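Report on the following structure.
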Amino acid sequence: LGSLQATTQTDLDYEAACVDITPLAAGDDEGGAEGAAVPRATLAAVGMWTDQSVRVLELPSLRQLTTAELGGDTIPRSVLMCDLEGAAYLMCALGDGNLVNFALDTASGALSDRKKVSLGTQPITLRAFSSKGSTNIFASSDRPTVIYSSNRKVLYSNVNLSDAVSHMCPFNVGPFPDSLALATGGGLTVGTIDDIQKLHIRTVPLGEQPRRLAHSERERCFAVCTLAFGDA
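In our numbering, the protein residues as written are 179 to 410.
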């Protein structure tokens, strides 16, 4: 039988809330059964309690490369490093339904281009999956969302489910190819994601000329100011 052996350890300032060591590039490891290169993780992402930050550590030395404050008073519940259309990102899901993502420099571990988006109101769990040859991210929460990239821009697409999703797992077997298994409050759902490159667009006739558009992030709604023309 194989065995696990500790090679390095480190002490952090605070307790770790979540960890991810997803490989982002093929390493120089020995090949698998068919001689293919086996990716090796060179970075670790750690979400921290107390100071609500995320840290990037070098592997296998565990030397700290970068620290980024997430803001607010909610701890990170899930962190994930991913490669979308050849660009590396570090995504940090918070306990209040917000998602913070950074552009990640895989050579230095530096984080830049911080962006924050609200995906729901409950804690989020992130999990990568493959669809039609491309990597996508499933955000499990009260408003499940698929995160993907189009033309090097990160986009978000809501999943058409009435129940909150607590966990997602890729599910690929004969009767259900390229599917996802979703755990909800009502049971287990197995299905596929539609072509997420096609945005769902709905036209709303106003009957008047729109002049201003405002968005409320907290209320998750839009307000349209219109101008009506008619006979005096």
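Heads up, the beta-carbon is just placed ideally off N, CA and C, and yes, glycines get one too. Computed from a predicted model, the values in this text were never measured in an experiment.
Outcome for residue i when other beta-carbon atoms lying within 10 angstroms are tallied against a minimum of 16
i      : result
His378 : Residue placement at His378 cannot be trusted, given a pLDDT of 45 that sits under 50; what the coordinates show is reported in the next sentence. It counts as exposed.
Gly298 : buried
Gln230 : buried
Ile374 : Here Ile374 scores only 49 on pLDDT, less than 50, and its place in the model should not be relied on; the value that follows carries that caveat. Buried, by the Cβ-count rule.
Phe407 : exposed
Arg233 : buried
Asn279 : buried
Pro217 : exposed
Leu258 : buried
Thr404 : exposed
Ser319 : buried
Asn314 : buried
Gly275 : buried
Asp198 : buried
Thr323 : buried
Thr185 : exposed
Thr244 : buried
Cys399 : exposed
Ile268 : Residue identity differs from the one stated: residue 268 is Leu in this sequence, not Ile. By the neighbour-count rule (16 or more Cβ atoms within 10 Å), Leu268 is buried.
Val332 : buried
Ala306 : buried
Endpoints, the beta strand (DSSP E) within which residue i is located
i      : result
Ala406 : Unbroken run through Ala406: none, as it is neither H nor E.
Lys331 : 331-336
Ser327 : 323-328
Pro388 : 387-394
Asp229 : Taken as a continuous stretch (DSSP letters only), Asp229 belongs to no beta strand (DSSP E), as it is neither H nor E.
Gln300 : Run containing Gln300: none; DSSP gives neither H nor E here.
Asp348 : Per the sequence presented here, residue 348 reads as Pro, with Asp not at that position. 343-351 is the span of the beta strand (DSSP E), which, as asked, contains Pro348.
Gly365 : 365-369
Gln187 : Per DSSP, Gln187 belongs to no beta strand (DSSP E) and is neither H nor E.
Residue i beta carbon near the ligand FMN (any heavy atom closer than 7 Å)
i      : result
Ala288 : The ligand content of the structure shown is nil, which means the ligand FMN is not present either.
Best match in the options for proximity to residue i [C-alpha to C-alpha]
i      : options                        : result
Val382 : Cys347, Val402, Arg396         : Val402
Ser296 : Leu277, Thr284, Ala281         : Leu277
Leu358 : Thr200, Ala317, Ile253         : Ala317
Leu221 : Leu182, Asp283, Arg255         : Asp283
Arg292 : Pro301, Ser256, Cys270         : Cys270
Leu321 : Ile302, Val332, Ala306, Asn314 : Looking at the sequence shown, residue 321 is not Leu but Arg. Residue Ile302 is the option with its Cα nearest to Arg321.
Arg255 : Asp189, Thr188, Ala223, Glu386 : Ala223
Leu240 : Gln187, Leu202, Glu193, Val197 : Gln187
Leu272 : Pro355, Cys196, Leu366         : Cys196
Leu235 : Glu386, Thr200, Ile253         : Thr200
Ile371 : Arg390, Leu179, Gly364, Asp356 : Asp356
Leu190 : Ala281, Gly385, Ile253, Thr228 : Thr228
Assess contact between the segment 306-315 and the segment 235-254, defined as three or more Cβ pairs (one per stretch) separated by less than 8 Å. Is contact present?
At 8 Å Cβ cutoff, the stretches do not touch.
Specify whether the segment 254-271 and the segment 321-332 touch according to this definition: at least 3 beta carbon pairs, one from each stretch, less than 8 Å apart.
yes
Decide yes or no for the touch test of the segment 284-293 against the segment 334-353: beta carbon pairs closer than 8 Å, at least 3 of them.
No: the two stretches stay apart, fewer than three of their Cβ pairs being nearer than 8 Å.
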